[in-house]
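Numbering (our numbering), first residue to last: 39 to 151. Below: one structure, written as structure tokens.
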């Protein structure tokens, strides 16, 4: 499989790892949209939110726990942050591997886009 996020998750491509456990890995977004913009991805290849199964529920919990830890480490936990998943073309998904954007460090406006 030629998935850039799989390659990053399995350290075939170097990147700055901000968080890692058995299920997920997190690294800075290469095109940040906020002062803090981190991608949290499962190590298991899951193409999108639509492909998540009940068996993947533990992975999703690890995404949330990673987001909490990173927000704390980056000093944005108390002020607030956003955890976003884009699913499908109209949802803004550009990489075919489930991933979550952790954004913070500024006021987040709504609607987002």
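Here a beta-carbon is modelled for each residue, glycine too, at the ideal position from N, C-alpha and C. In this text the structure is predicted, and so the values were computed from the model without any measurement.
- One thing to note: residue 140 has its Cβ no nearer than 7 angstroms to the Cβ of residue 89.
- Annotation: residue 48 to residue 60 spans about 11 angstroms, alpha carbon to alpha carbon.
- For residue 102, no beta strand (DSSP E) encloses it; the enclosing alpha helix (DSSP H) starts and ends at 95-112.
- Here the C-alpha atom of residue 129 lies approximately 20 angstroms from the C-alpha atom of residue 42.
- A Cβ-Cβ contact shorter than 7 angstroms links residue 74 with residue 142.
- When only Cα atoms are considered, residue 147 and residue 86 end up about 25 angstroms apart.
- For residue 141, the uninterrupted beta strand (DSSP E) segment begins and ends at 138-142.
- As computed with DSSP, residue 65 is found in a beta bridge with 77.
- For residue 121, the enclosing beta strand (DSSP E) has its first and last residue at 119-122.
- Nearest to residue 149 by alpha-carbon distance, out of 132, 65, 122 and 126, is 122.
- According to the DSSP secondary-structure assignment, residue 58 is paired through a beta bridge with 63.
- The beta carbon of residue 134 sits closer than 6 angstroms to the beta carbons of 85 from its chain, once the five residues preceding and following it are set aside; these are given in chain order.
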